[in-house]
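Novice: Taken in order, these protein sequences are the chains called E and Z.
Quick note, my numbering runs 70 ahead of the 1-based positions in the first sequence.
Numbering follows my numbering, in which position 133 of the second sequence is assigned residue number 120; successive positions increment by one, without gaps.
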Amino acid sequence: MSSELIIAWIYASPVSTAIRDMFWVVPTVQSVHIIAIAVIFGAAVISDLRLAGVLATDEPMRSVIRRYFPWMRAALIVLLLSGLVMVIGEPDRVLVNTTFWLKMCLVVAVFTLAWSIRRPLLRPAARAQGDDEKPPIRALAWLSIALWCVVIFCGRWIAY
Amino acid sequence: MDIQSILQALEDTTVAAWIRESGSIFPNLESVHVIGIALVFGTIAVVDLRLLGIASHRRSALRLIQELLPYTWVAFSACVITGLLMFASNATTYAQNSVFWWKMGLLSLAGINMGIFHLGAYRRIDEWDTTLPPPSQARVAGFCSLALWACVIGLGRWIGFV
């Protein structure tokens, strides 16, 4: 099955047609998407800045990470669902766009990075000794923030 | 000088023309604007949820506000700068967009809400700093803030659709 056929099939579907016919759906879903971006980016930046030793250094790393990771996970789900609506609504514009696919790869990469830095601290048996900001963790936390920014740039550039 | 000629003059500046003529500057301004929005709303939401009684990464509301507000202000400045540049590039057109003015109006209300909180319940924060639930004034301020900022974001998106 060629990609053109898949795109045409999605485009012709009742769901896709409905999304395009109801003019308010796309801007509303985009607004939800932006709010979820704010949640994931805010939660990521605050916890990454703790990992980098910049913010809330008087609070244990473990508790800061645990406070924000559930929000990151929930926001990711909202982002994927709202993103799916936009893909289904305009498959001809989105699925042929290389920036979109670059963004998808980056989302997988950055969330995998964010999760792997946090995993040792999320485990119930996490020991207090892991609470210093070792150099690899600091650099990875800053890299994570930078990658989220690139994802946001890609997101905007899809439309161009 | 009337408003129309001021707007036209703004649109005729070198910077505005440069933004219009370059294909990449406007999308990059928008991207920085989105990063700014994400940090403004993200940090404000953490404080607002605390004002609603949902604990954050620290118990003290005062310390949380002191810790996060600098980030909120830096992010907001980025939004204002990128917003002004984007506005300038098509000043006469944006000025006629009613959704844009609704956004400015709600933004002002969000600011007024913040001001009322800082002059009111915040002055007495020692009394309720680590106790939950927070006083009703704080909860109302937190709720209004979340609602207003979410609407600002929605209207921001709608600008491009009308």
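Glycine included, every Cβ here is placed at the ideal spot set by N, Cα and C.
Determine whether the Cβ of Trp145 (chain Z) lies closer than 7 Å to any Cβ atom of chain E.
Specialist: The residue labelled residue 145 (chain Z) in the question sits at position 158 within the second sequence. Trp145 (chain Z) counts as touching chain E.
Novice: Compare the Cα-Cα distances from Pro97 (chain E) to each of E:Ser152, E:Arg163, E:Pro84 and report the closest residue.
Specialist: The residue given as residue 97 (chain E) occupies position 27 in the first sequence. Of the candidates E:Ser152, E:Arg163, E:Pro84, the one whose C-alpha sits nearest the C-alpha of Pro97 (chain E) is E:Ser152.
Novice: Taking 7 Å as the CB-CB cut-off, is Gly141 (chain Z) touching chain E?
Specialist: By one-based count along the second sequence, residue 141 (chain Z) stands at place 154. Yes - at least one Cβ of chain E is within 7 Å of the one on Gly141 (chain Z).
Novice: What residues from chain Z crowd round Phe139 (chain E), counting only those whose CB sits closer than 8 Å?
Specialist: By 1-based counting over the first sequence, the position of residue 139 (chain E) is 69. Correct list: empty, because the minimum Cβ distance to chain Z is about 11 Å.
Novice: When you compare the CB positions of Gly112 (chain E) and Gly141 (chain Z), do they come within less than 7 Å of one another, or not?
Specialist: Mapped onto the first sequence, residue 112 (chain E) falls at position 42. Mapped onto the second sequence, residue 141 (chain Z) falls at position 154. Contact flag unset, no.
Novice: Measuring only the C-alpha atoms, how far is Met(-12) (chain Z) from Val102 (chain E)?
Specialist: The count along the second sequence starts at 1 and reaches residue -12 (chain Z) at position 1. The count along the first sequence starts at 1 and reaches residue 102 (chain E) at position 32. When rounded, the distance between both Cα atoms is 41 Å.
Novice: Using a beta-carbon distance below 7 Å, is Trp227 (chain E) in contact with chain Z?
Specialist: For this step, residue 227 (chain E) is matched to residue 157 along the first sequence. Trp227 (chain E) counts as touching chain Z.
Novice: What does Ser64 (chain Z) touch in chain E if you count any residue whose Cβ is under 7 Å from its own?
Specialist: Start at 1 with the first residue of the second sequence, and residue 64 (chain Z) comes out as number 77. Near Ser64 (chain Z) there are no residues of chain E at all, since even the closest Cβ is about 16 Å away, more than 7 Å.
Novice: Does DSSP put Phe104 (chain Z) in a helix, a strand or coil?
Specialist: Translated into positions along the second sequence, residue 104 (chain Z) becomes position 117. It is helical.
Novice: Give a yes or no on whether the minimum CB-CB distance between Phe130 (chain Z) and chain E is below 7 Å.
Specialist: Reading the second sequence from its first residue, position 143 is the one you call residue 130 (chain Z). Output row for Phe130 (chain Z): interface = no.
Novice: With a threshold of 7 Å between beta carbons, is Pro97 (chain E) in contact with chain C?
Specialist: Of the protein chains in the structure, E and Z, none is chain C.
Novice: Round the Cβ separation of Leu93 (chain Z) and Val139 (chain Z) to the nearest angstrom and send it over; I've been treating them as touching at under 8 Å.
Specialist: Translated into positions along the second sequence, residue 93 (chain Z) becomes position 106. Translated into positions along the second sequence, residue 139 (chain Z) becomes position 152. Their Cβ separation, rounded to whole angstroms, is 5 Å, which keeps Leu93 (chain Z) and Val139 (chain Z) in contact under 8 Å.
Novice: Indicate the three-state DSSP secondary structure (helix, strand or coil) for Pro120 (chain Z) in the structure shown.
Specialist: The residue labelled residue 120 (chain Z) in the question sits at position 133 within the second sequence. DSSP places Pro120 (chain Z) in coil when its eight states are reduced to three.
Novice: To the nearest angstrom, how far is the alpha carbon of Asp113 (chain Z) from that of Val127 (chain Z)?
Specialist: For the purposes of this step, residue 113 (chain Z) is taken as residue 126 along the second sequence, with counting starting at 1. For the purposes of this step, residue 127 (chain Z) is taken as residue 140 along the second sequence, with counting starting at 1. Each residue's Cα considered, the two are about 18 Å apart.
Novice: Between Gly112 (chain E) and chain Z, is the shortest Cβ-Cβ distance under 7 Å, so that the two count as touching?
Specialist: The residue given as residue 112 (chain E) occupies position 42 in the first sequence. By this cut-off, Gly112 (chain E) is an interface position.
Novice: Quick one: is Lys90 (chain Z) buried, meaning 16 or more other Cβ sit within 10 Å of its Cβ, or exposed?
Specialist: On the second sequence, residue 90 (chain Z) is found 103 positions in, with the first residue counted as 1. The residue is buried, with at least 16 neighbouring Cβ atoms inside 10 Å.
Novice: On the three-state DSSP scale, how would you describe Tyr230 (chain E)?
Specialist: Numbered from 1 along the first sequence, position 160 holds the residue referred to as residue 230 (chain E). Three-state result, Tyr230 (chain E): coil.
Novice: Can the beta-carbon of Asp35 (chain Z) be found less than 7 Å from the beta-carbon of Ser132 (chain Z)?
Specialist: As a position in the second sequence, residue 35 (chain Z) is number 48, starting the count at 1. As a position in the second sequence, residue 132 (chain Z) is number 145, starting the count at 1. Against a cut-off of 7 Å, the Cβ pair of Ser132 (chain Z) and Asp35 (chain Z) comes out as a contact.
Novice: Quick one: measure Cβ to Cβ for Asp116 (chain Z) and Ala62 (chain Z), integer angstroms, because I've assumed they're closer than 8 Å.
Specialist: Position 129 of the second sequence holds residue 116 (chain Z). Position 75 of the second sequence holds residue 62 (chain Z). Contact doesn't hold; Cβ gap of about 25 Å is too wide.
Novice: Is it buried or exposed for Arg189 (chain E), if we count other Cβ within 10 angstroms and need 16 for buried?
Specialist: What you label residue 189 (chain E) is simply residue 119 of the first sequence in a count that begins at 1. Per the 10 Å Cβ criterion, exposed.
Novice: From Pro120 (chain Z) to Val177 (chain E), what does the alpha carbon distance come to, in whole angstroms?
Specialist: In the second sequence, the residue the question calls residue 120 (chain Z) occupies position 133. In the first sequence, the residue the question calls residue 177 (chain E) occupies position 107. Spanning the two alpha carbons is a distance of roughly 37 Å.
Novice: Within the same chain, show all residues whose beta-carbon is closer than 7 Å to that of Val134 (chain E), passing over the 5 residues directly before and after it, in chain order.
Specialist: The sequence position of residue 134 (chain E) within the first sequence is 64, counting from 1. Same-chain partners within the cutoff: Ser117, Arg120, Ala126.
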